[in-house]
Each structure stands twice: as structure tokens, then as C-alpha cells.
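Everything on this sheet refers to the single structure shown next.
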Amino acid sequence: GLEHIPVWEAQSQPVSENEEDKSRLNKRPDFQWQMVDDFETDPEKAYKHYTVECKRLENPSSKTWELNENYVTNGILRYVRKKFGYGKFTPSGAMIGYIQSMNPPQILAEVNCFARKESVIGINPPVYGWNEDGVSKLEQRLHRPEVPPTPFNLHHLWVDLRKL
């Protein structure tokens, strides 16, 4: 069950006392929940940390800052790369995307293009269609050779804020 309340912008927590690569402990996910998995047979892996990363999605805000690219390079890749290790020993994690402009299918096409450039499988479109003015749920199954477990399910919740 839940052993701790959610924390935001706190350093990544160790997943075991013997964690060899400590660099990921200096990273700061947007939100984390710690849970104890009573069914885990290895006590070193019993503590699970569900991680949520949040990013804005929209037309480029400048020539040097591309938010849809940032969603991949400073969002999705944090679940794939060892130096961040988000979701380590946990089967899934989540990202929240705040849609500020552009239509969602356009954003998805751009995000998936940036993902392919990083050799990452793209995000699947929402099964039940886009929820204009609401929240759309998208799914992505990541291959993470540097961070166990793999495959890893990354849930994307895209919140449409264009009319606010």
C-alpha cells in the first residue's frame, strides 16, 4: 500500500541500499509516490517509486526552445536513460502534458518524430479519441536496456488547456 504521501520536486529516492550508480539520486522528478510491494520476494526491490513528469506542449515559443522536443528529451528520456532512471524497478510511470496551443494530433506527430530521433518507440494515439477541453490518455511501451524493468509502460495524460 501507500507508505508515503506524494512528494513534488524532491530528489529521486534510492531503490536499494546497494545502488551502484548514485548519479540518478541528484535528479528531481516533478512528483513521486513511494509504495511498498508486499509481494516482492527480493527485499532490495520492495520499495517502488511511481514517478510523474510534467511538461508543456505547444508551438515553439522561440527559435531555441521547442517544447514538444523538450517533452521527449527532458521528459520521456528520463524514464529511458540510466542517469535519470525514473521508474527504476517499477513497471510503469506517467507524464502529464499541458496542451497550450496546436491541435493534439499535430503535437503527437511532432513528439513521435523527436522520439524516433532518439531511437524511442512513439506514443500511441488515444484509444478512445481526443478529449477536446479535457484529458486524453495515451500509452507508450518503452524498451529500457539501461533501467530495469523493460518493457516499461509510460502513461501519458494530455490536458487540453487551449481555451483557458
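Each residue of the sequence shown is one higher than the last, beginning at 1 in UniProt numbering. Cβ coordinates follow ideal geometry from the N, Cα and C atoms, glycine included.
- Distance from the Cα of N68 is smallest, within the candidate group W158, V147 and L164, for W158.
- With respect to the 8 Å criterion, Q32 and Y47 are not classified as neighbours on the basis of their beta carbons.
- Counting only runs of 3+ residues, the beta strand (DSSP E) found wholly inside the region 103–151 occupies 135–142, in chain order.
- Listed in chain order, the non-local C-beta contacts of K55 below 8 Å within the same chain comprise L67, N70, Y71, N74, G75, M95, I96, G97 and Y98, local neighbours out to five positions each way being set aside.
- Per DSSP, R78 lies in no beta strand (DSSP E) segment; the continuous alpha helix (DSSP H) that holds it begins and ends at L77 to V80.
- Inclusion of P29 and E53 in the CB contact set at 8 Å is warranted, their separation being smaller than that value.
- Per DSSP, the beta-bridge partners of T51 are Q32.
- With a 10 Å radius around the Cβ and a threshold of 16 neighbouring Cβ atoms, G85 comes out buried.
- Judged by beta-carbon spacing, R162 lies beyond the 8 Å limit of Q106, meaning their Cβ atoms are not closer than that value.
- Taking a C-beta distance under 8 Å as the contact criterion, Y50 and L154 do not qualify as a contact pair.
- Each of T150, D38 and S136 was checked against the Cα of L142, and the nearest Cα belongs to T150.
- Per DSSP, the unbroken beta strand (DSSP E) holding Y98 starts and ends at S92 to I99.
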